[in-house]
Structure formats: C-alpha cells, structure tokens
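Visitor:
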Amino acid sequence: MIDDYKTAIVMAVYKPNPEIFFQQLLSIKHQTYSNFICFCLSDGPHNGLFTRTSEKIADDRFRFIDSEIKVGFYDNFKRGLSLVTDEFDFIALSDQDDVWHPNNLEKKISHALQTSAELVYSDARLIDEHNKLIAHSLFKYSDLPSKTSKTDILLVNSLFGMSMVFTSRILKFALPFPPKNNVYMSYHDWWLGIIAISMAKVSFLEEATVDYRQHINNLVGSGMQRTAIRKFRTCLRCVVIYPFYPKYSITRYCKRNRLYKDLQKHLMRFNKKQEKLKNLKITFQDFKRILKGKNITLIAFCWLMLLAQAYLGFKPTRKMALRIYRRVKLDRNFMNT
Numbered sequence: 042m043i044d045d046y047k048t049a050i051v052m053a054v055y056k057p058n059p060e061i062f063f064q065q066l067l068s069i070k071h072q073t074y075s076n077f078i079c080f081c082l083s084d085g086p087h088n089g090l091f092t093r094t095s096e097k098i099a100d101d102r103f104r105f106i107d108s109e110i111k112v113g114f115y116d117n118f119k120r121g122l123s124l125v126t127d128e129f130d131f132i133a134l135s136d137q138d139d140v141w142h143p144n145n146l147e148k149k150i151s152h153a154l155q156t157s158a159e160l161v162y163s164d165a166r167l168i169d170e171h172n173k174l175i176a177h178s179l180f181k182y183s184d185l186p187s188k189t190s191k192t193d194i195l196l197v198n199s200l201f202g203m204s205m206v207f208t209s210r211i212l213k214f215a216l217p218f219p220p221k222n223n224v225y226m227s228y229h230d231w232w233l234g235i236i237a238i239s240m241a242k243v244s245f246l247e248e249a250t251v252d253y254r255q256h257i258n259n260l261v262g263s264g265m266q267r268t269a270i271r272k273f274r275t276c277l278r279c280v281v282i283y284p285f286y287p288k289y290s291i292t293r294y295c296k297r298n299r300l301y302k303d304l305q306k307h308l309m310r311f312n313k314k315q316e317k318l319k320n321l322k323i324t325f326q327d328f329k330r331i332l333k334g335k336n337i338t339l340i341a342f343c344w345l346m347l348l349a350q351a352y353l354g355f356k357p358t359r360k361m362a363l364r365i366y367r368r369v370k371l372d373r374n375f376m377n378t
C-alpha cells in the first residue's frame, strides 16, 4: 500500500490570488493518496490570508507558516524543504496557482516504487487564469525534451518543480542549497534535478497529472517563447514588407503588441546564459564547499560538469541562439549586426 509511505508537500506562496490559491489547496486536499503533510510558506506578509485559508480548508494536514520577511521563491523553497524531517519518505513541490489532478501523488509514488526511481516527474497540461485549456502537453508546447540526460540538464532544465516527486535521500544531498545567482543556483528545481540525475534513477511519467497555470507574470516553463517568436516574426515581416514605414510607426506597433517586453525577456535569457558560463570559477568554489564529504558519484559528476563547460566555452549559448534565430527565419548573420 502506497499509503504506508508518508509524503511532505512544500509550497512557496507569494501574494496569491485567493480564489486560485484555494483551488490549488482543494486539489491537494482531495488527492486519492492521503498520507501527506502540506507546508505552505509565505514569502512576506499576507494580511491574514493564511488564517482565513486555514479556517476555510479545515484540514490538519495543512501547515501554514507565515513570515514577515521576503526572501524570494528560491530561498523560500529552501526554507520549506529544511522543515522536512526523517519521518517523510517522499517530497513533492507545489506552486500556489496550479491544479493537481486527483491521482497526481498516487501515480507518481506508485511509479517511483515500481521503477525504483528516486525522482519522478510528469507532463502537465497548460491552462490560463480562467482554467481554460491552452495545451494538452507542456513539454510539446514548450519544445522541451521529456527525457533529460546528464548532459541535457547542464544546458536546459526540463524538470519542473511542480511536477516532481523525489525521495528523502535526494533531499539530504541537496541541502543546504547553494547561494543564489550562480550557474545552476537560480532555480530550486534545477538544483534538485542536477543532484538527482547525478546520483540516482530519474523517471519521466508520460502523462499529465498537473494543470500548470500560465499567466502574464509567469514565464518559466511555458510556451511564452513561442508566442514571443510569433510576434517577433510578425514585426519583422512588417519591417521587411513595408520598409517605407516611419520608425515611430514600428515603435508604436511593437508597444501595442507588447513585443518590446517579450523581446527584452528573450534577450535577458541569452545574457543570463552568457553570465552563467562566465561564473565557472565561482561555481567551482561552491561545489567544493557543498560536496565536501558527500557521495563520490556526485563529486565525480560535478567535476565532469565543470570540465565540460570549460571545454565548451560559449558554444552552447551560440548554438541555442542560432536555433532560436532559425525558428524565426532570420539569417544567422543577424547575430553580428
């Protein structure tokens, strides 16, 4: 019986929409698997939201932990995971605005037990703010690989925290989290994925068990890249077909279509990739400190990762950039203009 295994659910909460937040809590409450404790941690004050929600949900399995200090989602998840004790066998991460399918935990824990995997992640459906279905598969919509290898995860993270369940052994090696703003230390799920894939079996459940909510302020893991590319192509077509357009018309067109925001985020993503590759020395010091006395397999993998990046240099970033430019049908020389 999978109910013999106890699971900790960690949710980082920051200024949620009360209705959407409560909808997610209800989806967790009504899971077919019931042996869990859900830790909800606020990132800054919420003006009594936790008190009202606790009374409304009326379930002892939910622990609401308020905080007056804003630390960001990375450190908030770190704080939540540090509350997980040895009594738990599995850990699941949750976003505040998604919706879990009723059998989400049951399927992933069963899959982990059947395959001896220490981290299981699944596909997800993409929905909007009004629960309207956008796409049946998040991975297909975002053009991401569903199965991640040790080399793939060095360049792109396709292990989304909201879809993963992992063992307490993975957590012991992952804590304490490295300082933020280094190569792989901007996202909690990326760090957990690196730890898991370097020392244990990771398995992909080819089924959507979560509804991932896409909204205007949420760009991680969604198909926003595709939307930005589509708008980018439209704007470029406008420039090419109508070269007689005055500059102010093009600027006004871009602003009206929110293209300037999309492109800014797209360019920032490339700049971050370059900054990551420049921070190898800092990363080496962090890994040296973190891995002291840890598993030999993990140490060997991290060394291999650093050597691979040092050898590849800026090539991965350039290759990724060229791939994006090909998708929007731009000449590769556009990069040098």
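Residues in the sequence shown are numbered from 42 upward in steps of one, following this note's numbering.
For glycine and all other residues, C-beta sits at the position ideal for the given N, C-alpha and C.
Being a predicted model, the structure only gives us computed values, none of them experimental.
1. Are Tyr74 and Ile150 touching if we call contact CB-CB under 8 Å?
2. Tell me whether Leu185 sits in a helix, a strand or coil according to DSSP, three-state version.
3. Mind checking Leu174: buried by the 16 CB within 10 Å criterion, or exposed?
4. Residues in the same chain with beta-carbon distance under 6 Å from Val261, minus the five sequence neighbours each way, listed in chain order, please.
5. Could you check how far apart the C-beta atoms of Thr250 and Asn145 are, in whole angstroms? I think they sit under 8 Å.
6. Quick check on the burial criterion: 16 or more other C-beta atoms within 10 angstroms. Buried or exposed for Ser239?
7. Do Ser135 and Met203 have their CB atoms nearer than 8 Å?
8. Tell me whether Ser22 sits in a helix, a strand or coil according to DSSP, three-state version.
9. Determine the closest residue to Phe105 out of Ile194, Ile43, Gly121, Arg166, with distance taken between C-alpha atoms.
10. Report buried or exposed for Asn198, applying the criterion of at least 16 other Cβ atoms within 10 angstroms of its Cβ.
11. With DSSP as the reference, label Ser123 as helix, strand or coil.
12. In this structure, how does DSSP classify Glu147 when only helix, strand and coil are distinguished?
13. Would you call the stretch 96-111 and the stretch 181-194 touching, i.e. three or more CB-CB distances under 8 Å?
14. Of the residues Pro86, His152, Thr94, Lys119, which one's Cα is nearest the Cα of Ser108?
15. Where does Ser75 sit, in a helix, a strand or coil, going by DSSP?
16. Terminal residues of the continuous beta strand (DSSP E) containing Ser209?
17. With Lys119 and Phe218 assumed to form a contact (beta carbons below 8 Å), what rounded beta-carbon distance in angstroms separates them?
18. Let me make sure I understand the geometry here. Which of Trp231, Tyr55, Leu200, Ser178 has the alpha-carbon closest to that of Phe114?
19. What is the C-beta distance between Ile211 and Ile236, in whole angstroms, given that I count them as a contact (C-beta under 8 Å)?
20. Thinking just about the alpha-carbon of each residue, which of Leu233, Glu248, His142 is nearest to the one in Lys191?
21. Counting only the same chain and skipping the five closest in sequence on each side, list residues whose C-beta sits under 6 Å from that of Val382.
22. Using the Cα positions of Ser187 and Leu246, report the straight-line distance between them to the nearest angstrom.
23. Taking its Cβ as the centre, do 16 or more other Cβ atoms sit within 10 Å of Asp164, making it buried, or is it exposed?
24. Less than 8 Å between the C-beta atoms of Thr208 and Asp130, yes or no?
25. Between the alpha carbons of Pro143 and Asn76, how many angstroms are there, rounded?
26. On the DSSP bridge assignment, give the partners of Leu167 in chain order.
27. Of the choices Pro57, Lys70, Leu124, whose alpha-carbon is the least far from that of Phe91?
28. Could you tell me the boundaries of the beta strand (DSSP E) in which Leu90 lies?
29. When the Cα atoms are used, what is the spatial distance from Thr94 to Ile78?
30. Going by other Cβ atoms of all chains shown within 10 Å of its Cβ, with 16 needed for buried, is Asp156 buried or exposed?
Guide: Based on what the coordinates show:
1. yes
2. coil
3. exposed
4. The pLDDT assigned to Val261 is 48, lower than 50, so where the model puts this residue is not dependable, and the model offers no usable value.
5. 4 Å
6. buried
7. yes
8. Given that the chain is displayed from residue 42 to residue 378, the structure contains no residue 22 and the question cannot be resolved.
9. Gly121
10. buried
11. coil
12. helix
13. no
14. Pro86
15. coil
16. Per DSSP, Ser209 belongs to no beta strand (DSSP E); it is in the alpha helix (DSSP H), 209-215.
17. 4 Å
18. Tyr55
19. 6 Å
20. Leu233
21. Residue 382 lies beyond the range of the chain shown here (42 to 378); nothing can be said about it.
22. 9 Å
23. buried
24. yes
25. 14 Å
26. Ala176, Tyr253
27. Pro57
28. Run containing Leu90: none in the beta strand (DSSP E); it sits in the alpha helix (DSSP H), 90-98.
29. 16 Å
30. Note that residue 156 is Thr in the sequence shown here, rather than Asp. Exposed, by the Cβ-count rule.
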